[in-house]
Amino acid sequence: MSHVVSAADSLSALSSRLDSAIQAVFDPMHLTGVGAYWRVVLVSLIVHVTIFKAVPIVTRLLMPRAYEQMSDGDKRSWEICVLALLHSAFDAAFIIAYFNNPALNGDKMGGYNEQFEYLLAITLGYYVWDLSICLSDYSNYGLMYLIHGGLGVFGLIVLTSRQLQFYAIPYLLPELSSVFLNIRHLLKYA
């Protein structure tokens, strides 16, 4: 039992040190949302990686013949596109839900909604995953996708700073069309 308590104490101490380090980096830049929500971003990143790893398993169960006929490159493209579709549908749902939020629309500079910031932190986890995919396979995705992923991460870091939240809505508005673009991309494999 003492090993469990010792491990919990060690984990708590590590978490506290990470809090301090992250706040030391982001708070001087007035990007307090990152310091407050880094755990959400990390869990979101882990969930996105887990879903990405589960997509081939689920696809083999649902459409085994079509999946096995795909080339390795097409399989990877399919897996990325499935996760991108799930992400864009999530973004579209919460953007539509917050489109006329009184707290955000009433004060475009200082309007703040804690639940909205939480959702932005989840989205930031996706963009960190997306950026890692672009970096790990740069020869396939190139500079434009790297810029896209980098701007997604940078923009969401700024927008989770407890200010300018209103501007997250137009910033993420293209995700509404991404739902349909990803569906179209997936249908070419059907």
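To convert, note that position 75 of the sequence shown is 75 in the UniProt record's numbering; the numbers rise steadily by one, no gaps. Glycine is no exception: its CB is placed at the ideal position from the N, C-alpha and C atoms. Keep in mind the model is a prediction, meaning the values are calculated, not measured.
Cβ separation of residue 92 and residue 176, assumed to be a contact under 8 Å, to the nearest whole Å: 5 Å
Residues near residue 149 by beta carbon distance below 7 Å, same chain, minus five either side: 127, 130, 131, 134
Whole alpha helix (DSSP H) elements within the UniProt domain "TLC" (73-190), 4-residue minimum: 102-106, 114-136, 138-159, 168-172, 175-187
Among 111, 147, 64, 77, the one whose alpha carbon lies nearest that of residue 188: 77
Cβ contact check for the region 71-90 and the region 150-167: 3 or more pairs under 8 Å: no
Beta carbon of residue 157 nearer than 9 Å to that of residue 124: yes
Beta-carbon proximity list for residue 145, same chain, < 6 Å, skipping 5 on both sides: 134
Segment contact flag, the region 4-24 with the region 35-49, C-beta cutoff 8 Å, min 3 pairs: yes
Assigned exposure category for residue 59 - 16 Cβ within 10 Å defines buried: buried
8 Å contact criterion, which residue 111 and residue 104 should meet: CB distance rounded: 4 Å
Proximal residues to residue 52 (C-beta, below 8 Å), its chain only, five neighbours per side dropped: 79, 80, 83, 129
Coil, strand or helix - residue 71 by DSSP: coil
Status (buried if at least 16 other CB within 10 Å, exposed otherwise) for residue 169: buried
Spatially closest choice to residue 152 from 116, 139, 11, 173, by CA coordinates: 173
Sequence-distant residues of its chain with Cβ nearer than 7 Å to residue 89 (five each side left out): 179
Backbone CA spacing between residue 46 and residue 39 [nearest angstrom]: 10 Å
Among 116, 85, 143, the one whose alpha carbon lies nearest that of residue 101: 116
Outcome for residue 182 when other beta-carbon atoms lying within 10 angstroms are tallied against a minimum of 16: buried
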